[in-house]
Amino acid sequence: MQIDFGDTRVWIGGERVRIHVFVATLGYSRRMHVRASQRQRQADWFEGMEGAFLRFGGVPAEVLIDNAKALVEHHDAVTREVRFNTRLHAFARYWGFTPRACAPYRARTKGKDERGVGYVKKNAIAGRRFENWAAFEAHLDRWTREVADQREHGTTGVAPAERFAEEAKALRPLADRAPFGQLRDLVRKVQADCAIDLDTNSYSVPWRLIGESVQVVVLAGRVIIRHAGQVVADHAFCRGRRQRIVDRAHFVGVAGFEGPVRATPIDVAPAALLRPLAEYEAVVGGAW
Numbered sequence: 100m101q102i103d104f105g106d107t108r109v110w111i112g113g114e115r116v117r118i119h120v121f122v123a124t125l126g127y128s129r130r131m132h133v134r135a136s137q138r139q140r141q142a143d144w145f146e147g148m149e150g151a152f153l154r155f156g157g158v159p160a161e162v163l164i165d166n167a168k169a170l171v172e173h174h175d176a177v178t179r180e181v182r183f184n185t186r187l188h189a190f191a192r193y194w195g196f197t198p199r200a201c202a203p204y205r206a207r208t209k210g211k212d213e214r215g216v217g218y219v220k221k222n223a224i225a226g227r228r229f230e231n232w233a234a235f236e237a238h239l240d241r242w243t244r245e246v247a248d249q250r251e252h253g254t255t256g257v258a259p260a261e262r263f264a265e266e267a268k269a270l271r272p273l274a275d276r277a278p279f280g281q282l283r284d285l286v287r288k289v290q291a292d293c294a295i296d297l298d299t300n301s302y303s304v305p306w307r308l309i310g311e312s313v314q315v316v317v318l319a320g321r322v323i324i325r326h327a328g329q330v331v332a333d334h335a336f337c338r339g340r341r342q343r344i345v346d347r348a349h350f351v352g353v354a355g356f357e358g359p360v361r362a363t364p365i366d367v368a369p370a371a372l373l374r375p376l377a378e379y380e381a382v383v384g385g386a387w
């Protein structure tokens, strides 16, 4: 999939305003996703890609991007060494695709999408007026479905919607993931009371991890805590303040604890506390 932004001016509510058009184009079918925004921040790039994933019903193996500063920190035109923004790396890991950057000063590397931006400007936007922003967005959505997807493509000679039936098989399933913007990925130190602090609340962690640094992921109403590549705690997110959320299993083996005592020390956590790691790899995008 190739992505790009283009700028243009549109009549909205009687005013000619500058807008940014995000266009994602699938490599085989040439099916498109178009999104308009008032800015071109990193969040707009991410929202554009996530909208494309939802529209296409899956995630492509690779995403080819331009060298926008919001995504690429450095790209050497001679050595082709690329350094992507760390947030983009996290976004790509979360959704499971490999980012690639087009060669600097060589737009043809990403020609499918740059031609797509021009096509959207000329065919979907030029000469039209819209009552409000919602009407503009609705028009772009309808135009993409009824015109861009159905036309005979100039390069392939086939309608994108027709070729997409085959390409869809290669897309990675979405697995009902929440938008990346809802994910919080933090580092916390386990305190002496066998807990980590988060938003004034504390969440218990197996007592043998006191003093250790752990990864804390907040997503979809859960607080998932990991250490050394293993999930060691999984709590429901607490929306109150100054609450203590406790899993009694985290204190098994502590003197005075009411419950069975485990005599054999363990390095991380009892196996009974660990859900299959693969379940969480899909949520947080890889081992920490």
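Numbering-wise (our numbering), the sequence shown opens with residue 100 and increments by one.
By construction, the Cβ of each residue, glycine as well, lies at the ideal position given by its N, Cα and C atoms.
For His119, the enclosing beta strand (DSSP E) covers residues 114-124. From the listed residues Ala319, Val330, Cys337, Val304, the smallest Cα separation to Asp346 is found for Val304. About 15 Å separates the beta carbons of Glu266 and Leu163, which is beyond the 8 Å limit, so they are not a contact pair.
Counting only the Cα atoms, Asp106 lies some 43 Å from Arg325. According to the DSSP assignment, Glu236 belongs to the alpha helix (DSSP H) that extends over 232-242. Contact between Glu172 and Phe183 is confirmed by a C-beta separation of about 7 Å, below the 8 Å threshold. Counting of Cβ neighbours within 10 angstroms places Val322 among the buried residues, the total reaching 16 or more. With contacts defined by Cβ atoms closer than 8 Å, Thr243 and His132 form a contacting pair. Taken through DSSP and simplified to helix, strand or coil, Ile324 comes out as strand. Using a Cβ-Cβ distance cut-off of 8 Å, the region 190-200 and the region 216-228 are not in contact, since fewer than three pairs of beta carbons, one from each stretch, lie closer than that value. Under the DSSP assignment, Gly105 falls in the beta strand (DSSP E) whose first and last residues are 101-111.
Around the Cβ of His334, a 10 Å sphere holds 16 or more other Cβ atoms; the residue is buried. 8 Å or more divides the Cβ of Ile118 from the Cβ of Gln139. 8 Å or more divides the Cβ of Asp165 from the Cβ of Asp248.
Put simply, of Ser312, Leu297, Gly339 the residue whose alpha carbon is nearest the alpha carbon of Gly328 is Ser312. Beta-bridge partners of Phe229 (DSSP): Ile111. Looking at the DSSP output, Glu311 shares a beta bridge with no other residue. Taking the Cβ atoms as the reference, Arg134 lies roughly 23 Å from Gly113, outside the contact range of under 8 Å. For the pair of segments examined, the region 291-305 was found to touch the region 336-351: the number of CB pairs separated by less than 8 Å reaches three.
DSSP places Gln329 in the strand class (E or B) of the three-state scheme. Nearest Cα to Glu180 within the set Ala169, Ala200, Lys168: Ala200. Of all alpha-carbon atoms in Asn231, Gln314, Val116, Phe121, the one lying nearest the alpha-carbon of Arg283 is that of Gln314. Contact annotation: Leu273 and Gly156 have beta-carbon atoms nearer than 8 Å. Here Glu149 is buried, its C-beta having at least 16 other C-beta atoms within 10 Å. With respect to Ala258, Arg250 sits close: the two C-beta atoms are nearer than 8 Å. Residue nearest to Gly280 within the set Ala142, Phe229, Val109 is Ala142 (criterion: CA-CA distance).
Non-local C-beta neighbours of Trp232 in its own chain, meaning closer than 7 Å and more than five positions away in sequence, comprise Ile111, ordered along the chain.
Under the DSSP assignment, Leu273 falls outside any beta strand (DSSP E); it carries neither an H nor an E label. Between the beta-carbon of Val109 and that of Phe235 there is about 7 Å, and that keeps the pair under the 8 Å contact cut.
When the alpha-carbon of Arg241 is set against those of Ala223, Asp298, Glu161, the nearest one is in Ala223. By a beta-carbon distance limit of 8 Å, Arg130 contacts Ala260. Their separation comes to about 7 Å.
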